[in-house]
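If you want my numbering, it's the 1-based position in the sequence shown plus 103.
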Amino acid sequence: MSATVEPDAYRVLEALAVNLRARVREQRRAEERLAGFAFRESGAAVGSVESGAAPATDWRYYLARTFREASEPSTLALLLSLRSGERPLRELGEDHLAVADQVGRLATAGLVSRPLDSERVSLAPLGEAVLALYDALEARLSAGPDGDGRPVR
Numbered sequence: 104m105s106a107t108v109e110p111d112a113y114r115v116l117e118a119l120a121v122n123l124r125a126r127v128r129e130q131r132r133a134e135e136r137l138a139g140f141a142f143r144e145s146g147a148a149v150g151s152v153e154s155g156a157a158p159a160t161d162w163r164y165y166l167a168r169t170f171r172e173a174s175e176p177s178t179l180a181l182l183l184s185l186r187s188g189e190r191p192l193r194e195l196g197e198d199h200l201a202v203a204d205q206v207g208r209l210a211t212a213g214l215v216s217r218p219l220d221s222e223r224v225s226l227a228p229l230g231e232a233v234l235a236l237y238d239a240l241e242a243r244l245s246a247g248p249d250g251d252g253r254p255v256r
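So, in structure tokens, the structure goes:
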């Protein structure tokens, strides 16, 4: 089954793909730097990759992880609250420990950014792309099956 992707839908999907690829590359570089710090008396860390070849990527894993994190209603609300710009961590909820934990998970997934030396949280490009996907799907669903503007129920 083949489907034609409309130009706006293509832009949303492309933004999601570009930002997810960037997040995976960033994570790999961080893991390589961390592995480079591993102390071994014999020299380089065991299993270090020196060929320069990129390992195979299980994109479904990264998509599932991204959507798992972005699918909770409280997470969606937090991402939407960051759409207008960065905010202090203390303004994102009353239970500061729970909010800090949630922001940590979202930062690990690449949906938000929070510098280690700051209490400010902002929407990461991948988070922006996920919200654009939500917006596009919501607009499509709101259009109704006949395009009459009646919500689909």
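All residues carry an ideal CB built from backbone N, CA and C; glycine is no exception.
Here the structure is a predicted model, which means the values were calculated and not measured.
Counting every other CB atom within 10 Å of its CB across the protein chains shown gives threonine 211 a total below 16, marking it as exposed. Counted as a single uninterrupted DSSP element, the alpha helix (DSSP H) harbouring leucine 182 occupies residues 176 to 185. Judged by DSSP in its simplified three-state form, proline 228 adopts helix. For glutamate 194, no alpha helix (DSSP H) encloses it, and the DSSP letter there is neither H nor E.
Between the beta-carbon of glycine 213 and that of arginine 114 there is about 20 Å, and that puts the pair past the 8 Å contact cut.
Residue environment analysis places alanine 232 among the buried positions, since at least 16 neighbouring C-beta atoms fall within 10 angstroms of its C-beta.
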